[in-house]
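According to my numbering, the sequence shown is numbered sequentially starting from 23. For every residue, glycine included, the Cβ atom is placed at its ideal position computed from N, Cα and C. Because the structure is a prediction, the values reported are computed rather than measured.
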Amino acid sequence: MADKTFEIAFWSASEEYYKDPSTAAAAFNYAVTRKGVSTLFHGTQAEETKLGLFVERVGCAVAWDSHQDYQKFVLNDHGEHTKLRELLAPTRGGTSVEKVHGTFTTDPYPALQAPVTEFAFVKVKSEADVEKVETALNNVVALAGDPTSPLLAAATGSLIDQPTTLLLAVGWSSIEAHKEAIKGGTALDSIHRLVTLQVYHFYLNQVKREGEGTADNRSAL
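As structure tokens, then:
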């Protein structure tokens, strides 16, 4: 999977999108047909703050055939990038968009297709500890192969522009299954002092090109 670039982005959802997620259909159906786009997933965030308030964000994961394909899309003079931004405008509740680009060393698709997808961005404080942290993340991936584990799938990688920030995608059957699984600790407990961790959970849908059908476990736009 190292040849593909995964663009992961999220932004505050507009009231219009919150009421009707099909608001995003035109944008994502356009995006998935752009040259170099292999697959596209999108959905809403499944998160609660410590105050019990629901955080509503739109999440998007785009698999590009290569990082060069992504750069060509952004820089081309055919106006495709501008058109996509215009199509996405009705989904945005603000101007800020968080976006990263990374590669996976193992197959992330099973995690992206799970009922709940967890993205963990693991920034290693010292370059000397990268290998130790990678080992801990690989232990999470190994758990996904255990039939007794609530993890459905997991994959690891790293960010292209931030090589000391590692990437973990985990597929869960539900938020409740995740909460139950971490009650007794997690495979990442041993590295908490070595990293800064950002974790997000999303309900993702795979956007299908016309004629591809809907193979994932939820309805696609």
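Compute the distance between the beta-carbons of threonine 139 and alanine 133, then report whether it is under 7 Å.
In this structure, alanine 133 lies closer than 7 Å to threonine 139 by Cβ.
Classification of threonine 167 by the beta-carbon crowding that lies within 10 angstroms, buried from 16 upward:
One detail in the question is off: residue 167 reads as glycine in this sequence, not threonine. Burial state of glycine 167 is exposed, judged by a 10 Å Cβ sphere holding fewer than 16 other Cβ atoms.
In the DSSP output, which residue or residues are listed as bridge partners for leucine 106?
As computed with DSSP, leucine 106 is found in no beta bridge at all.
Taking 7 Å as the cut-off, decide whether the C-beta atoms of tyrosine 225 and glycine 65 are in contact.
Yes, the Cβ-Cβ distance between tyrosine 225 and glycine 65 is below 7 Å.
Hey, would you say valine 80 sits closer than 7 Å to threonine 117, going by beta carbons?
No, the pair does not count as a contact, with Cβ atoms beyond the cut-off.
Measuring CB atoms only, is the stretch 149-163 touching the stretch 200-210, in the sense that at least three cross pairs come out at less than 8 Å?
They touch, by the three-pair rule.
DSSP three-state call for aspartate 87: helix, strand or coil?
Looking at aspartate 87 - three-state DSSP - the assignment turns out to be coil, as it is neither helix nor strand.
For a test of the three-state rule: what should DSSP assign to valine 155, helix, strand or coil?
Helix, per DSSP.
Would you mind stating whether phenylalanine 32 and arginine 56 have Cβ atoms separated by less than 7 Å?
Between phenylalanine 32 and arginine 56, the CB-CB gap reaches or exceeds 7 Å.
Helix, strand or coil for leucine 97? Go by DSSP, reduced to three states.
DSSP places leucine 97 in helix when its eight states are reduced to three.
Using only the alpha-carbon positions, how far apart do histidine 200 and threonine 128 sit?
Those two C-alpha atoms are separated by around 21 Å.
Report, in whole angstroms, the separation of the C-beta atoms of lysine 145 and threonine 187, which I expect to be a contact under 8 Å.
Their Cβ separation, rounded to whole angstroms, is 5 Å, which keeps lysine 145 and threonine 187 in contact under 8 Å.
Which whole-angstrom value describes the C-beta separation of isoleucine 197 and alanine 68, a residue pair presumed to lie in contact below a C-beta threshold of 8 Å?
That belief holds up - the Cβ atoms of isoleucine 197 and alanine 68 are roughly 5 Å apart, short of 8 Å.
What residue range is occupied by the uninterrupted alpha helix (DSSP H) comprising isoleucine 182?
Annotation: isoleucine 182 is outside any alpha helix (DSSP H) and is labelled neither H nor E by DSSP.
Beta-carbon contacts of arginine 240 that lie in its chain and below 6 Å, excluding the five residues immediately before and after
Reliability fails at arginine 240, whose pLDDT of 38 lies under 50, so the model's placement of it is uncertain and no value is given.
For histidine 214, does the count of other Cβ atoms within 10 angstroms reach 16, so buried, or fall short, so exposed?
Per the 10 Å Cβ criterion, exposed.
Grouping DSSP H, G and I as helix and E and B as strand, with all else coil, what is leucine 210?
Annotated three-state conformation of leucine 210 is coil, per DSSP.
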